[in-house]
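Participant: Numbering (our numbering), first residue to last: 2 to 204.
Submitted below is the structure of interest, expressed as structure tokens.
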């Protein structure tokens, strides 16, 4: 199914899945970090995969990203992405540091960012799997700091260039000190999107 052919009901269903996944991810992160972290999903929309780099300032923009390929009943890939400054701010938020403290990331902080992205990706996929009665798991996640265009190229090659449309799930991390904006990109192949919507009963 092409995004332009989707109904408002179908888009609302995908938005609801994003909200459910964010709720589960916030609970998991709060338990892991032993302090409350809220995650909201202010917007869900469709974008051509080729347009994704421009959402972050262009293909040469430096970003931090966590990538996982989908395994199970549907195929595709997911990216958790934030511009470099936002990724550093996210580390501050997760570590309960004063905003602006983190200037670069060591191996431990990269591992924390990877785990955070993995929690978000897993929570979103779990919401889809439960509501659509599908078997759906992420591959082991990979983290990188690189140019947006390079990261997207690696992801699309990994999933066989099948996805031409990404579902953008804007994601905001919130605590008492700061709000950090990032994004999840779900890149399903066209058949997989049809399967998910069919299982949700909103074809």
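Backbone N, C-alpha and C define an ideal beta-carbon position, used for all residues, glycine too.
Use the C-beta contact count for residue 99: other C-beta atoms within 10 angstroms, 16 or more gives buried, fewer gives exposed.
Facilitator: In the chain shown, residue 99 corresponds to position 98, counting from 1. Classification for residue 99: exposed.
Participant: Given that a residue counts as buried once 16 or more other Cβ atoms are within 10 Å of its Cβ, and exposed if not, what is residue 193?
Facilitator: Here residue 193 refers to the residue found at position 192 of the chain shown. Buried.
Participant: Using 8 Å for Cβ pairs, my map puts residue 172 next to residue 121. What's the rounded Cβ distance?
Facilitator: Indexing the chain shown from 1 puts residue 172 at position 171. Indexing the chain shown from 1 puts residue 121 at position 120. Sure, about 7 Å apart at Cβ, within 8 Å.
Participant: So is residue 52 buried or exposed if we call it buried at 16+ other beta carbons inside 10 Å?
Facilitator: Position 51 of the chain shown, counting from 1, holds the residue named residue 52. Its Cβ having fewer than 16 others within 10 Å, residue 52 is exposed.
Participant: Can at least three beta-carbon pairs, one atom from the region 62–70 and one from the region 80–90, be found at a separation below 8 Å?
Facilitator: Enough Cβ pairs lie closer than 8 Å, so yes.
Participant: Determine contact between the region 165–185 and the region 102–110, defined as no fewer than three beta-carbon pairs at a distance below 8 Å.
Facilitator: No: the two stretches stay apart, fewer than three of their Cβ pairs being nearer than 8 Å.
Participant: For a quick check, are the C-beta atoms of residue 80 and residue 146 less than 7 Å apart?
Facilitator: Along the chain shown, one-based indexing puts residue 80 at 79. Along the chain shown, one-based indexing puts residue 146 at 145. Taking 7 Å as the Cβ cut-off, residue 80 and residue 146 do not qualify as a contacting pair.
Participant: Assess, as a yes-or-no matter, whether the region 114–133 is touched by the region 13–26 under the definition of 3 or more beta carbon pairs within less than 8 Å.
Facilitator: With the cut-off at 8 Å, the region 13–26 and the region 114–133 touch.
Participant: Pull up the distance between the alpha-carbon of residue 35 and that of residue 124, whole angstroms please.
Facilitator: Sequence index remark: in the chain shown, residue 35 carries index 34 (1-based). Sequence index remark: in the chain shown, residue 124 carries index 123 (1-based). Roughly 19 Å between the two C-alpha positions.
Participant: Quick check on this structure: which residue in 58, 8, 161 has the alpha carbon closest to the alpha carbon of residue 148?
Facilitator: Translated into the one-based positions of the chain shown, residue 148 becomes position 147. For residue 148, the nearest C-alpha among the options comes from 58.
Participant: Report the three-state DSSP secondary structure of residue 191 (helix, strand or coil).
Facilitator: The residue given as residue 191 occupies position 190 in the chain shown. Here residue 191 sits in helix by DSSP.
Participant: Relative to the alpha-carbon of residue 175, which residue among 129, 43, 21 has its alpha-carbon at the smallest distance?
Facilitator: Counting from 1 along the chain shown, the entry for residue 175 is found at position 174. Selected option, being the one with the closest Cα: 43.
Participant: Flag this pair as yes or no: are the beta carbons of residue 18 and residue 128 separated by less than 7 Å?
Facilitator: The sequence position of residue 18 within the chain shown is 17, counting from 1. The sequence position of residue 128 within the chain shown is 127, counting from 1. Going by C-beta atoms, residue 18 is nearer than 7 Å to residue 128.
Participant: I'd like the span of the alpha helix (DSSP H) that includes residue 129, first residue to last.
Facilitator: Start at 1 with the first residue of the chain shown, and residue 129 comes out as number 128. Run containing residue 129: 108–133, per the alpha helix (DSSP H) assignment.
Participant: Would you call residue 158 buried or exposed, if buried means 16 or more other Cβ atoms sit within 10 Å of its Cβ?
Facilitator: Mapped onto the chain shown, residue 158 falls at position 157. Exposed.
Participant: Going by DSSP in three states, residue 101 sits in which element: helix, strand or coil?
Facilitator: Walking along the chain shown from the start, residue 101 turns up at place 100. DSSP places residue 101 in coil when its eight states are reduced to three.
Participant: Quickly, what does DSSP pair residue 172 with across the bridge? List them, please.
Facilitator: Position 171 of the chain shown, counted from the start, is the residue given in the question as residue 172. BP columns for residue 172 point to 183.
Participant: Cβ of residue 73 within 7 Å of Cβ of residue 136?
Facilitator: Indexing the chain shown from 1 puts residue 73 at position 72. Indexing the chain shown from 1 puts residue 136 at position 135. Yes, Cβ-Cβ distance for residue 73 and residue 136 is below 7 Å.
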